[in-house]
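The next block holds one structure in the form of C-alpha cells; read it before the comments.
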Amino acid sequence: MDATQRRLRFPELLNARDLGGLPTQDGGHTRARSLLRADDLAQLTAEGLAALREYGVVTVLDLRWPEEAARHPSPVPLALPQIRYEHVSLLTHTEDEWRLRSRDVAKELWKCVVLEHVRRELRQVLEVIAAAAPGPLLFHCVAGKDRTGLVAALLLTLADVTPGAIARDYAESGDNLREGYLKRYAEADPARILEAIRCPEEGAYNMLEFLSAAGGIRAYLERLGLQGQEIAALRARLRD
Numbered sequence: 025m026d027a028t029q030r031r032l033r034f035p036e037l038l039n040a041r042d043l044g045g046l047p048t049q050d051g052g053h054t055r056a057r058s059l060l061r062a063d064d065l066a067q068l069t070a071e072g073l074a075a076l077r078e079y080g081v082v083t084v085l086d087l088r089w090p091e092e093a094a095r096h097p098s099p100v101p102l103a104l105p106q107i108r109y110e111h112v113s114l115l116t117h118t119e120d121e122w123r124l125r126s127r128d129v130a131k132e133l134w135k136c137v138v139l140e141h142v143r144r145e146l147r148q149v150l151e152v153i154a155a156a157a158p159g160p161l162l163f164h165c166v167a168g169k170d171r172t173g174l175v176a177a178l179l180l181t182l183a184d185v186t187p188g189a190i191a192r193d194y195a196e197s198g199d200n201l202r203e204g205y206l207k208r209y210a211e212a213d214p215a216r217i218l219e220a221i222r223c224p225e226e227g228a229y230n231m232l233e234f235l236s237a238a239g240g241i242r243a244y245l246e247r248l249g250l251q252g253q254e255i256a257a258l259r260a261r262l263r264d
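Laid out in C-alpha cells, this is it:
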C-alpha cells in the first residue's frame, strides 16, 4: 500500500492516513483499518463526518491541549455519539508549560525531548490505545504532524516497521500540509509556513537512536509503566 492508497479522504482534513501497509523488518506489512492518524477533526465538514462514520472509526483520541480543544471543539461527540471520544493532552497540561520545557529545541531532536519529558502523559495516551475496542482508532492533534507523528512513530517501531518507512511516514506530513497551509495562511510569510510544517526524516531516526540507547522500544515502554499485556495489545494493533 503506497502513500496515495493510505491517504484518507475525510473533507476537509489535509493530513489523514492509515498506518496499514507499511513494510516490516521481517518482510510483512502493517495491518490496515486499525490505526489512523490525522490533523484536527474540528475541520471536518458534514461530508467528512459521514466519511469518518462510513470508514468504521470506533474510537477517536484527541491529543490537543485543553485550550486548543476549547477554541475548536471536536464535532465527534455531538455528531457521532456512537464513536468513543477520548481527550488526553500529550504535551503537558497547557501550551505555555510545554513551551517553557521545550525552548530552543531543534526539530531534529523534538521527539527525543518528548520521550524524555512527558512520560506520564505519553503513558496515558498509550493506555487508551491499548484498551480501546477493536476497530479503527483515529488519533490526532492540530496539524497531525508532531504530537500525532510521535505516537505513530512509536507504534510503528513497536510493530517492527523498517526505519526508512517510519522516517518517510513522519516526513509525509510536511508534503500533505504544504499546499493547504500555504492557502490557509496566505497572508503569512510562506517561508515561515514551510518551516513550521517541516518534518525532517532525521527527527525519526534520532528517535530510533534514543530508543535503542534506552534498551529498545519495549524496555522504554516498560519504564513508562505499561504492562506486558498492554504492550502486546499495542503491537497487535498493527501486526496480526
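Positions 25 to 264 (this note's numbering) are the ones given, in order, by the sequence shown. Positions of the beta carbon are idealized from the N, C-alpha and C atoms, including for glycine.
Problem set entry | Whole alpha helix (DSSP H) elements within the region 73-159, 4-residue minimum | 90-95, 100-103, 119-125, 134-141, 143-155
Exercise. Would a C-beta distance cut-off of 8 Å place residue 90 and residue 117 closer than the cut-off?
Worked result: yes
For this session: Determine the burial state of residue 219: buried for a count of at least 16 other Cβ atoms within 10 Å of its Cβ, exposed for fewer.
Result: exposed
For this session: For residue 199, name the three-state secondary structure that DSSP assigns.
Result: Of the three classes helix, strand and coil, the one that applies to residue 199 here is helix, per DSSP.
Problem set entry | Three-way DSSP call (helix, strand, coil) for residue 48 in this model | strand
Problem set entry | Collapsed DSSP secondary structure at residue 256 in the structure displayed | Three-state DSSP puts residue 256 in a helix.
Problem set entry | Paired residues, beta bridge with residue 62 - DSSP | 164
Exercise. Leaving out the 5 sequence neighbours to the left and right, which residues in its chain are closer than 6 Å to residue 232 when beta-carbon positions are compared?
Worked result: 187
For this session: Pick out whichever of 56, 63, 43 has its Cα sitting closest to the Cα of residue 34.
Result: 63
Problem set entry | Reduced DSSP secondary structure (H/G/I, E/B, other) of residue 42 | In the structure shown, residue 42 sits in a strand (DSSP, three-state: E or B).
Exercise. Which term fits residue 86, buried or exposed, when burial requires 16 or more other beta carbons within 10 angstroms of its beta carbon?
Worked result: buried
For this session: Taking 8 Å as the cut-off, decide whether the C-beta atoms of residue 244 and residue 258 are in contact.
Result: Going by C-beta atoms, residue 244 is not nearer than 8 Å to residue 258.
Exercise. Quick one: Cα of residue 40 to Cα of residue 104, how far?
Worked result: 18 Å
Problem set entry | Whether residue 38 touches residue 204 by CB criterion (8 Å) | yes
Exercise. Since residue 152 and residue 112 are thought to touch, with beta carbons under 8 Å apart, how far apart are those beta carbons, to the nearest angstrom?
Worked result: 6 Å
Problem set entry | C-alpha distance - residue 122 paired with residue 175, whole-angstrom precision | 17 Å
For this session: Tell me whether residue 222 sits in a helix, a strand or coil according to DSSP, three-state version.
Result: coil
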